[in-house]
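*Asks:* Have a look at this one.
Here it is in structure tokens:
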């Protein structure tokens, strides 16, 4: 049998140990050592049946008490599986995390300005080139140049739905832009058009690509009535952005599903909430990312959204026992930022202004 060493905090008698296993097998043996070993295994097996530990075992004993009374070192008898039990538990939990329902909050109504679920999105985060010999543009200046130049062109691209421009907060303080289109071709046309606008204009060599992505919006939640034609004005509101890079064995789809099911119901309760969307995108190296965008009417809440998303991913604080909480941190790493939406061009608003004024003049927040 090998060696079996028992360490008793309070030495029990043989009858104490056999009470738990007595209902399953006789507590007798020609060899006392073999008898104790056999009964101990019965006690361990019985303890496995007792869940929670206070549940009485079959018979008259209490397995939880019997197991607590004797701490066994049986390493020479049992082969311990090589498993990270915490990770195993979390993946078990992940399998219990409900799948997204596939329902869009914005499915009803045909005249919604920002009905984007299932549409195609491109994002562009630019680096600012600074130093002697350069024009040293600020993020605000870059956003204004794009608004007044490229903005006039992109709204006329086939399938145009939206164009957002934002200055992000420190430490990077980079300009961010996003387009939404009905078709993938239109979205990619906008991505290439923006790059051409830089190389052919005053921004040439003054800014360089940081993170460019393209993909499809999986889900979108908005404040009630935000997407009505008359009130969908998000210029001057605040963005929070998150790019999650998957780690093996995680995927961008895993991250999106978990946040849609577990985090979306929470973020919609934040004061000043206006919009939350998630998209599976690829960057210029064809790496899949999970992209999330929030819009809030308050800067502090935009910052809080990024902090809450990180806490949800780790399963910290209020998310310690949340459904699906604590699953993402093992699947992906995040880059997050916030910023002011300097302009928002929306397709239905463009059509309204063209019909009333004959021309579309993008609005800029001041």
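Residue numbers (this note's numbering): 231 to 596.
For every residue, glycine included, the Cβ atom is placed at its ideal position computed from N, Cα and C.
For residue 468, which of helix, strand or coil comes out of DSSP?
*Replies:* strand
*Asks:* Just the C-alpha distance for residue 384 and residue 547, rounded to the nearest angstrom, thanks.
*Replies:* 43 Å
*Asks:* Among the candidates 518, 529, 566, 519, whose CA atom is the shortest distance from the CA of residue 541?
*Replies:* 566
*Asks:* Can you pull the DSSP bridge partners for residue 524?
*Replies:* 470, 506
*Asks:* Got a sec: is the Cβ-Cβ distance from residue 371 to anything in chain C below 8 Å?
*Replies:* In the structure shown, chain C cannot be found, because there is only a single protein chain.
*Asks:* Give the DSSP-derived three-state secondary structure of residue 495 in the structure shown.
*Replies:* Helix at residue 495.
*Asks:* Give the range of the alpha helix (DSSP H) segment to which residue 533 is assigned.
*Replies:* 529-544
*Asks:* Under the rule that 16 or more other beta-carbon atoms within 10 Å means buried, what is residue 348, buried or exposed?
*Replies:* exposed
*Asks:* The alpha helix (DSSP H) spanning residue 424 covers which residue range?
*Replies:* 414-429
*Asks:* Alpha helix (DSSP H) containing residue 371: first to last residue?
*Replies:* 369-378
*Asks:* Restricting to Cα atoms, I'd like to know which of 330, 443, 426 is closest to residue 437.
*Replies:* 426
*Asks:* If you reduce the DSSP assignment to three classes, tell me which class residue 274 lands in.
*Replies:* Residue confidence is low: residue 274 scores 41 on pLDDT, short of 50, so the model does not pin down where it sits. No coordinate-derived value is stated.
*Asks:* For the structure I just gave you, are there three or more beta carbon pairs, one from the stretch 507-521 and one from the stretch 439-452, closer than 8 Å?
*Replies:* yes
*Asks:* Name, in chain order, the residues that DSSP records as bridge partners for residue 569.
*Replies:* 398, 469
*Asks:* Run through DSSP, which three-state label would residue 560 get?
*Replies:* coil
*Asks:* Is the Cβ-Cβ distance between residue 549 and residue 472 less than 8 Å?
*Replies:* Not in contact: residue 549 and residue 472 (Cβ atoms no closer than 8 Å).
*Asks:* Using a Cβ-Cβ cutoff of less than 6 Å, which residues in the same chain neighbour residue 564 once the five nearest sequence positions on both sides are dropped?
*Replies:* Exclusion of the five residues before and after residue 564 leaves 472, 474 as the residues of its chain whose Cβ lies within less than 6 Å of its Cβ.
*Asks:* Quick one: using the 10 Å Cβ neighbour count with 16 as the cut-off for buried, is residue 551 buried or exposed?
*Replies:* exposed
*Asks:* Out of curiosity, what's the CA-to-CA distance linking residue 402 and residue 545?
*Replies:* 27 Å
*Asks:* Is the distance from the Cβ of residue 387 to the Cβ of residue 433 below 8 Å?
*Replies:* Here residue 387 is not near residue 433, since their CB atoms are 8 Å or more apart.
*Asks:* In this structure, how does DSSP classify residue 548 when only helix, strand and coil are distinguished?
*Replies:* helix
*Asks:* Output the distance between the C-alpha atoms of residue 376 and residue 351, rounded to the nearest integer angstrom.
*Replies:* 18 Å
*Asks:* Smallest Cα separation from residue 391: which of 353, 346, 372?
*Replies:* Residue 346 holds the alpha-carbon nearest to the alpha-carbon of residue 391 among 353, 346, 372.
*Asks:* Taking the CB atoms as reference points, tell me whether residue 575 and residue 526 lie closer together than 8 Å.
*Replies:* no
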